[in-house]
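Participant: Questions regarding the structure given below will be posed in turn.
Numbering (this note's numbering), first residue to last: 673 to 977.
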């Protein structure tokens with residue numbers, strides 16, 4: 673495999689995208705700081721999920737001793753490089769938390785029985801502790817998995833494979849717990865009166881689906897550019913496609929289960945989540961998710977081609 677080099681045109685495009693993103697956020701911040709921070713957190717969460725999802729994919733391959741993914745695994749492993757930007761970009765969320773999160777205001781917590789009952793969990797010091805734990809696991813275990821994987825390419829030492837299986841087994845339960853905290857803290861707690869016991873699983877389905885999709889985009893691009901040579905063929909693309917297809921169905925299943933239970937229960941503290949998504953023109957986006965994220969991809973991915 674030849675070494676990867678980023679063309680000057682692609683580098684310029686990346687730089688332009690960063691500039692446009694900063695400019696748009698700055699403009700939004702001047703117009704409506706609250707809405708700007710909401711957008712910032714949602715975008716931050718998405719890219720952080722890709723970084724965490726890449727390590728999750730690599731860990732599953734080590735635990736299952738999957739041989740087919742050895743040539744494509746380096747792509748999701750490279751998502752670990754997002755750790756440092758994610759760490760730096762998390763600082764504004766902690767600093768500007770009072771703009772977005774109702775539970776950071778002491779007066780409101782004291783005057784709201786439900787928020788007061790949740791205050792043992794929803795408070796800034798514990799929020800920071802959970803965030804630090806997530807980054808610690810991401811850095812140390814994720815970094816070790818990537819380092820060992822690169823080292824094995826050079827040495828071919830099988831003991832490294834066994835070591836990565838052990839690290840993957842440690843990573844899995846920690847990932848499940850800390851990613852659930854991460855999703856609840858950053859996203860669900862924006863509306864601290866609402867809750868769903870399926871929210872963590874729903875977020876995980878989105879994480880893995882997005883990770884596989886981005887992995888496929890990179891693999892296709894690099895294959896066409898000649899970086900993989902003959903080490904990747906249609907069977908690798910088929911395997912990745914099967915994962916994407918499977919998690920398209922899994923995502924739809926989880927999303928429907930959450931919707932069905934909330935609709936059937938018909939309790940105000942739960943239904944508010946969907947009511948807001950069908951008001952003020954947002955119903956177009958809601959139906960767009962149904963068609964664009966499930967029905968169309970489901971039908972498009974049925975044929976092997």
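Even for Gly, the Cβ is constructed at its ideal location relative to N, Cα and C.
Computed from a prediction, not measured in an experiment: that's the story for all the values here.
Are the beta-carbon atoms of residue 810 and residue 768 separated by less than 8 Å?
Facilitator: Locating residue 810 in the chain shown gives position 138, where the first residue counts as 1. Locating residue 768 in the chain shown gives position 96, where the first residue counts as 1. It is not a contact, given that the beta carbons lie outside the stated cut-off.
Participant: Take residue 747 and list the residues in its own chain whose beta-carbon comes closer than 7 Å to its own, dropping the five residues that flank it on each side.
Facilitator: In the chain shown, residue 747 corresponds to position 75, counting from 1. Excluding sequence neighbours, residue 747 sits near 887, 890 and 891.
Participant: Where do the ends of the alpha helix (DSSP H) carrying residue 935 lie?
Facilitator: In the chain shown, the residue the question calls residue 935 occupies position 263. First-last of the alpha helix (DSSP H) with residue 935: 906 to 937.
Participant: Secondary structure at residue 956, three-state DSSP: helix, strand or coil?
Facilitator: For the purposes of this step, residue 956 is taken as residue 284 along the chain shown, with counting starting at 1. Residue state, collapsed to three classes: helix.
Participant: Are the beta-carbon atoms of residue 849 and residue 731 separated by less than 8 Å?
Facilitator: Taking the chain shown and counting its residues from 1, the one referred to as residue 849 is at position 177. Taking the chain shown and counting its residues from 1, the one referred to as residue 731 is at position 59. Between residue 849 and residue 731, the CB-CB gap reaches or exceeds 8 Å.
Participant: What are the start and end residues of the alpha helix (DSSP H) that includes residue 963?
Facilitator: Taking the first residue of the chain shown as 1, we reach residue 963 at position 291. Taken as a continuous stretch (DSSP letters only), residue 963 belongs to no alpha helix (DSSP H), as it is neither H nor E.
Participant: By how many angstroms is the C-alpha of residue 923 removed from the C-alpha of residue 719?
Facilitator: Indexing the chain shown from 1 puts residue 719 at position 47. Indexing the chain shown from 1 puts residue 923 at position 251. Distance between the alpha carbons of residue 719 and residue 923: 18 Å.
Participant: Assuming residue 882 and residue 722 make a contact with CB atoms under 8 Å, what is their CB distance in whole Å?
Facilitator: Within the chain shown, numbered from 1, the residue matching residue 882 stands at position 210. Within the chain shown, numbered from 1, the residue matching residue 722 stands at position 50. Contact flag correct, Cβ pair sits at about 6 Å.
Participant: Please list, in chain order, all residues of the same chain as residue 734 whose beta carbon is under 7 Å from its beta carbon, the five residues on each side excluded.
Facilitator: Taking the chain shown and counting its residues from 1, one reaches residue 734 at position 62. Hits under 7 Å: 836, 837 and 840.
Participant: Cα-Cα, which of 765, 937, 927 and 715 is closest to residue 959?
Facilitator: Looking up residue 959 in the chain shown gives position 287. It is 927.
Participant: If I'm right that residue 705 touches residue 771 with Cβ under 8 Å, what's the distance once you round it to whole angstroms?
Facilitator: Stepping through the chain shown from its first residue, residue 705 is reached at position 33. Stepping through the chain shown from its first residue, residue 771 is reached at position 99. Contact holds; Cβ gap of about 6 Å.
Participant: Indicate whether residue 874 and residue 930 have their beta-carbon atoms separated by less than 8 Å.
Facilitator: As a working note, residue 874 is residue 202 in the chain shown. As a working note, residue 930 is residue 258 in the chain shown. Yes. Within cutoff.
Participant: Quick check on DSSP: helix, strand or coil for residue 733?
Facilitator: Reading the chain shown from its first residue, position 61 is the one you call residue 733. DSSP places residue 733 in helix when its eight states are reduced to three.
Participant: Would you please verify whether the beta carbon of residue 933 is less than 8 Å from any beta carbon of chain C?
Facilitator: Although the question refers to chain C, the structure presented lacks it and comprises just one protein chain.
Participant: Using a 10 Å radius around the Cβ and a threshold of 16 neighbouring Cβ atoms, would you call residue 686 buried or exposed?
Facilitator: The count along the chain shown starts at 1 and reaches residue 686 at position 14. Classification for residue 686: exposed.
Participant: Throw me the rounded Cβ distance for the residue 814 and residue 727 pair, which I believe falls under 8 Å.
Facilitator: Numbered from its first residue, the chain shown carries residue 814 at position 142. Numbered from its first residue, the chain shown carries residue 727 at position 55. The Cβ separation is near 4 Å, so the contact holds.
Participant: Among 857, 716, 961 and 938, which has the Cα closest to the Cα of residue 774?
Facilitator: Working through the chain shown from its first residue, we reach residue 774 at position 102. Minimum Cα distance to residue 774 is reached at 857.
Participant: When the Cα of residue 966 is compared with those of 901, 918 and 803, which residue comes out closest?
Facilitator: Here the question's residue 966 lines up with position 294 in the chain shown. Of 901, 918 and 803, the smallest CA-CA separation from residue 966 is found for 918.
Participant: Spatial neighbours of residue 900 within its chain, please: CB distance less than 8 Å, with the 5 preceding and 5 following residues excluded, ordered by chain position.
Facilitator: Within the chain shown, residue 900 is the residue found at index 228, counting from 1. Here the set comprises 673, 743, 891 and 894.
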